[in-house]
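> Numbering (our numbering), first residue to last: 1134 to 1318. No residue lacks a Cβ here, since even glycine has one placed at the ideal position from N, Cα and C. As the structure is a prediction and not an experimental result, all values here were calculated from the model. Mind looking over this structure? Questions follow.
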């Protein structure tokens, strides 16, 4: 059985993505393009993640009928579903690999979001990172000089029948490679 203790639906996630995408397009037009500001993919994902958290908090609160709080600092989970006292982290990437903090003791539930450069195509799934202990692959334990552990599309493919995939899909191509399929919203 696919677990989703939050009660969030595909429609809710799509609403969050559409509103967040609209806000990001406004930010891009009114700041990035207007002032010819160059922002890395990482900075754009962090900005989008902040918008996503704020908008998800608002929409989930409205649709679920109870307070879903957005973090007030980096020390708090991205979202806290107050009625069920359950935290959720949101991870955004412009690629097909998500990164986390090496020593993070954060919430077990993660909303994994992959976006395209135009912020109009997405892949979104919900993963209980605690239940599948060891899902984060440690870069340090692999002898790499990079601090952040990763979570890859191949891992999502392995558990895809056990997790809610709200938007997009993860497939095996005819050549045997794993690919995230983003969905236009």
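DSSP state of residue 1148, grouped into three classes?
Here residue 1148 sits in helix by DSSP.
> Ordered along the chain, which non-local residues of its own chain (more than five positions away) have a Cβ less than 6 Å from that of residue 1263?
Answer for residue 1263: 1241, listed in chain order.
> Provide the residue(s) that pair with residue 1289 in DSSP beta bridges, ordered along the chain.
In DSSP, residue 1289 forms no bridge with anything.
> Distance, Cα to Cα, residue 1257 vs residue 1301?
In a straight line, the C-alpha of residue 1257 is about 7 Å away from that of residue 1301.
> For a test of the three-state rule: what should DSSP assign to residue 1186, helix, strand or coil?
Helix at residue 1186.
> If you measure between the beta carbons of residue 1299 and residue 1141, is that distance less than 9 Å?
Yes, these two residues count as a Cβ contact at 9 Å.
> Among 1198, 1185, 1197 and 1213, which residue has its Cα nearest to the Cα of residue 1245?
It is 1185 whose Cα lies nearest to the Cα of residue 1245.
> Are the segment 1219 to 1232 and the segment 1168 to 1182 in contact at 8 Å, needing three or more beta carbon pairs?
Yes, the segment 1219 to 1232 touches the segment 1168 to 1182.
> According to DSSP, simplified to helix, strand and coil, what is residue 1157?
Residue 1157: helix per DSSP, three-state reduction.
> For residue 1293, which residues from the same chain have a beta carbon less than 6 Å from its beta carbon, with the 5 sequence-adjacent residues on both sides left out?
If we look at residue 1293 and ignore the five residues flanking it on each side, its Cβ neighbours are 1303.
> Excluding five sequence neighbours on each side, which residues of the same chain lie with their C-beta closer than 6 Å to the C-beta of residue 1171?
Around residue 1171: no qualifying Cβ.
> Cutting at 7 Å between CB atoms, please list the residues of its own chain near residue 1327, excluding the five before and the five after it.
In this structure the chain extends from 1134 to 1318, so residue 1327 is not present and cannot be described.
> Would you mind reading off the limits of the beta strand (DSSP E) that contains residue 1139?
Where residue 1139 is concerned, there is no enclosing beta strand (DSSP E), given that its DSSP letter is neither H nor E.
> Once DSSP output is grouped into helix, strand and coil, what is the label at residue 1298?
If DSSP states are grouped into helix, strand and coil, residue 1298 belongs with the strands.
> Residues in the same chain with beta-carbon distance under 6 Å from residue 1156, minus the five sequence neighbours each way, listed in chain order, please.
Correct list, in chain order: 1184.
> Given residue 1266, which residues of its chain have a CB within under 6 Å of its CB, disregarding the five upstream and five downstream residues?
Residue confidence for residue 1266 is low, a pLDDT of 46 falling below 50, so the modelled location carries little weight; the figure read from the coordinates is stated next. Same-chain partners within the cutoff: there are none.
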